[in-house]
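Accompanying notes for the structure given below.
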Amino acid sequence: MFDLPIRSVMERKKFITAAPTDTVSAAARLMATHVAGAVLVVEDHRLIGIFTERDVVFRVIALGRDPKATVLREVMTTEPKTLGPTQSYGHALVIMQENGFRHVPVVEDGKAIGIISSRNAMDPDLEEFVADQRRREHYR
Numbered sequence: 481m482f483d484l485p486i487r488s489v490m491e492r493k494k495f496i497t498a499a500p501t502d503t504v505s506a507a508a509r510l511m512a513t514h515v516a517g518a519v520l521v522v523e524d525h526r527l528i529g530i531f532t533e534r535d536v537v538f539r540v541i542a543l544g545r546d547p548k549a550t551v552l553r554e555v556m557t558t559e560p561k562t563l564g565p566t567q568s569y570g571h572a573l574v575i576m577q578e579n580g581f582r583h584v585p586v587v588e589d590g591k592a593i594g595i596i597s598s599r600n601a602m603d604p605d606l607e608e609f610v611a612d613q614r615r616r617e618h619y620r
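Residue numbering for the sequence shown follows the working numbering, beginning at 481 and increasing consecutively.
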């Protein structure tokens, strides 16, 4: 699984976007509706930022900002690290671990085409892999 290209693992169904002028409140409703932990912020079909659950907590609520009046451009993470669809899933996990991310946009030719999240690591294939590894260690 770790050698698989990101394209085959990334979340397409939970890939949601918002405009930088959308409010935090609107983005949070989108996230709740789609059960997603992040919104990719796009402008003219180009990725310009990412807005995550952590941004809601640290950049909005903790600072006492009004979610109905605050727009994403003011509180999103600008120029987020991104990955290409042909990079390995293992590489994506390393990037997330090293940087403390739970979500990384997948970009091709400057356009957002999906998102990789740490939730992907809880995939049934991974659980099978871990169980298989434990069995191998047990019989060594």
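Note that the Cβ used here is the ideal one computed from N, Cα and C, for glycine as well.
Per the DSSP calculation, R526 is bridged to which residue(s)?
Sequence index remark: in the sequence shown, residue 526 carries index 46 (1-based). In DSSP, R526 forms a bridge with E523.
Go ahead and label D546 buried or exposed: buried means 16 or more other beta carbons lie within 10 angstroms of its beta carbon, across all protein chains shown.
For this step, residue 546 is matched to residue 66 along the sequence shown. By the neighbour-count rule (16 or more Cβ atoms within 10 Å), D546 is not buried but exposed.
Look up T566 in the DSSP assignment and say whether it is helix, strand or coil.
Residue mapping note: residue 566 aligns to position 86 of the sequence shown, counting from 1. Coil.
Where does E559 fall in DSSP's three states?
Residue mapping note: residue 559 aligns to position 79 of the sequence shown, counting from 1. It is coil, neither helix nor strand.
Can you tell me whether F531 is buried or exposed? The criterion is at least 16 other CB atoms within 10 Å of its CB, across all chains shown.
Residue 531 sits at position 51 when you count from the first residue of the sequence shown. That one is buried.
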